[in-house]
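Be aware that the sequence shown starts at 420, since it is given in my numbering, and climbs by one per residue.
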Amino acid sequence: MTDSIGAPYGVGTRVEVTNRFDRRWSRGFEVAEVVGAGYRLRRVSDGRVIPVVFSAPEVRPDVSAPAVAFLTR
């Protein structure tokens with residue numbers, strides 16, 4: 420999925436982010452804002468936006484998050 424400006428993840432997409440300390444993937448985030456070629460993320464547990472912009476290689480989809488289905492008639 421690509422949003423209108425070409426970013427692969429839109430606002431609200433559940434993602435994992437690379438922990439800058441130990442380089443492991445951390446779950447529990449969603450895209451809060453697309454910023455240029457990067458993302459500002461929101462921690463799902465408390466709704467806080469992380470005050471750092473993460474580059475595209477630092478973010479990947481959270482495959483453990485439940486998929487949201489939209490029904491149309």
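Ideal placement from N, C-alpha and C gives every residue a C-beta, glycine not left out.
Remember, it's a predicted structure, so these values are computed and weren't measured experimentally.
ask   = Taking the C-alpha atoms as reference points, what is the distance between residue 428 and residue 451?
value = Each residue's CA atom was taken as its position, placing residue 428 and residue 451 some 10 Å apart.
ask   = With a CB to CB cut of under 7 Å and the five nearest residues on each side skipped, what residues in its chain are close to residue 437?
value = 444 and 477
query = My guess is that residue 472 and residue 449 are in contact by the Cβ rule of under 8 Å, so how many angstroms apart are they, rounded?
reply = Actually they do not touch by this definition, with Cβ atoms about 15 Å apart.
request  = Give me the Cα-Cα distance between residue 470 and residue 482, rounded to the nearest whole angstrom.
outcome  = 24 Å
key: Rounded C-alpha distance that separates residue 431 from residue 457   = 14 Å
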